[in-house]
Structures are given as structure tokens and as C-alpha cells.
Amino acid sequence: MPKRRGRKKKGSDAWKNIVRIHKRGPKRVKVSIPRRKADYDPLVESEHSKRIQIVLEDGMSYKKNFVGIVVFKQAFSDMGLVQDKTYKMTKNKLTRAGNALRKCIELFGHNDFVLGRMRELKLDNCVGRCIVMTGKIKSPDVVLNITPEKRQLSKHALDIKHRLDKLFDSEPAYKGEVEYM
115 MPKRRGRKKK GSDAWKNIVR IHKRGPKRVK VSIPRRKADY DPLVESEHSK
165 RIQIVLEDGM SYKKNFVGIV VFKQAFSDMG LVQDKTYKMT KNKLTRAGNA
215 LRKCIELFGH NDFVLGRMRE LKLDNCVGRC IVMTGKIKSP DVVLNITPEK
265 RQLSKHALDI KHRLDKLFDS EPAYKGEVEY M
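Structure below.
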């Protein structure tokens, strides 16, 4: 076989570009979340974390469950929360923060609220690692009020409600003083 004379072509410019980038190696990314070292947990330190209080209302005004969540400052800003603000939402229309913390909201049952449980979770969204506990937080950075979803009443139920409101909201016919014997 005859030998090839001249310059060998080793690939297109795009391929050479890919090879050059591969030879440089991966870029180093600075991690914004402080890492855990030995016994030091940065999530517990107030300089690295924010506290979120979730108030779960159960339709009746007297029954409220409280869930406290501790997250990193970066996760707090990724959820779009603002310091010292109260957010109100319904359970079927949660905000971005409510959707990110949905797993934390549904984590506890009745006995957990009674006993005051605490757990550490790693969520697969912008929140990442967090500490979830039942009960009130003394000074939360943000409060999320979650009310039950509003149901649409049928036409018949609206007529009955209207009649009852009219019946009980009406003023008495006799407005004078009543004398008891």
C-alpha cells in the first residue's frame, strides 16, 4: 500500500473544540451552602439559616396546627420569600414556597403534633436539607398561613344559605325594652 503524503486531517473544528474543553477539565463551582464538618451543623446556626412558620388551619377557627421549618438562607431566597412577611394561601393554590415545602406540610400526623416531633429532611427541590418540627417558633422570619380549599356551593345550597342569612340577620320587630317579672 502506498503511504499517504501530506497532512492528516484529525477532525472538524467542532470536534477539536470538544476535545480541548475536555482536556481542560471540569470547572470548580463554589458551593453557596455551608458544609457540615465533624460535629458542626451549619443549619442549626442562626447566621446561616432562616426560620419559616407554617400555620395549618382546619376549616374550624379553633383548630390550628403549627409546623416550623429551618432552611438555609440560599433556599429561603430561592423560594422567593421576603423577611418578616405573612403569606396567605389555600391548600389547593399554594405559592412557590408552599409547593416547595409541601412534603414538610404533609409529613406529620395527629400524634406527631401532640407529641411535638422533629425530623431532618432532604428535599429534591430548591430547599435541599431542612429541619422540620411541630409547634410554634418564637421569632419566625416568615409566616405561611394555609387555609383549607374553598368549595363551590351548588345553587340549591346557595338558596338555603341565603334564606338562613336572611332569617338570622333580620332585626327584631319589637325594639323596646323587655321587662321581666
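With the numbering used here, you'll find the sequence shown wraps up at 295, consecutive numbering, no jumps.
Glycine residues also receive a C-beta, built at the ideal position from the N, C-alpha and C atoms.
This one's a predicted model, so the numbers in the text were calculated from it and none came from an experiment.
Report task. Could you tell me if ASP255 is buried or exposed, where buried requires 16 or more neighbouring beta carbons within 10 angstroms of its beta carbon? Result -> Along the sequence shown, read from residue 1 onward, the residue named residue 255 stands at position 141. With 16 or more Cβ atoms within 10 Å of its Cβ, ASP255 is classed as buried.
Query raised in the report: Which residue from ARG277, LEU278, GLY249 puts its Cα closest to that of ARG165?
Result: As a position in the sequence shown, residue 165 is number 51, starting the count at 1. Checking every option, the nearest Cα to that of ARG165 belongs to GLY249.
Query raised in the report: Who are the Cβ neighbours of LYS202 in its own chain at under 6 Å, not counting the five residues just before and after it?
Result: Numbered from its first residue, the sequence shown carries residue 202 at position 88. Counting only residues of its own chain and dropping the five nearest sequence neighbours on each side, LYS202 has a CB closer than 6 Å to the CB of ASN259.
**Report entry** Presumed contact (8 Å Cβ cut-off) between VAL257 and CYS218, rounded CB distance
**Finding:** For the purposes of this step, residue 257 is taken as residue 143 along the sequence shown, with counting starting at 1. For the purposes of this step, residue 218 is taken as residue 104 along the sequence shown, with counting starting at 1. With 8 Å as the limit, VAL257 and CYS218 do not qualify as a contact, their Cβ atoms being about 15 Å apart.
Query raised in the report: With which residues is LEU258 paired in a DSSP beta bridge?
Result: Within the sequence shown, residue 258 is the residue found at index 144, counting from 1. The partner list for LEU258 (beta bridge, DSSP) reads ILE168, TYR201.
**Report entry** Validate contact between the stretch 183-195 and the stretch 274-281 using beta carbons, cut 8 Å, 3 pairs
**Finding:** no
Query raised in the report: Which one of SER253, LYS178, GLU220 has the shortest CA to CA distance from SER160?
Result: Here the question's residue 160 lines up with position 46 in the sequence shown. The shortest C-alpha separation from SER160 is found at SER253.
Query raised in the report: Comparing the C-beta of PHE190 with each C-beta of chain B, is any distance below 8 Å?
Result: Among the chains of the structure shown, chain B does not appear; only one protein chain is present.
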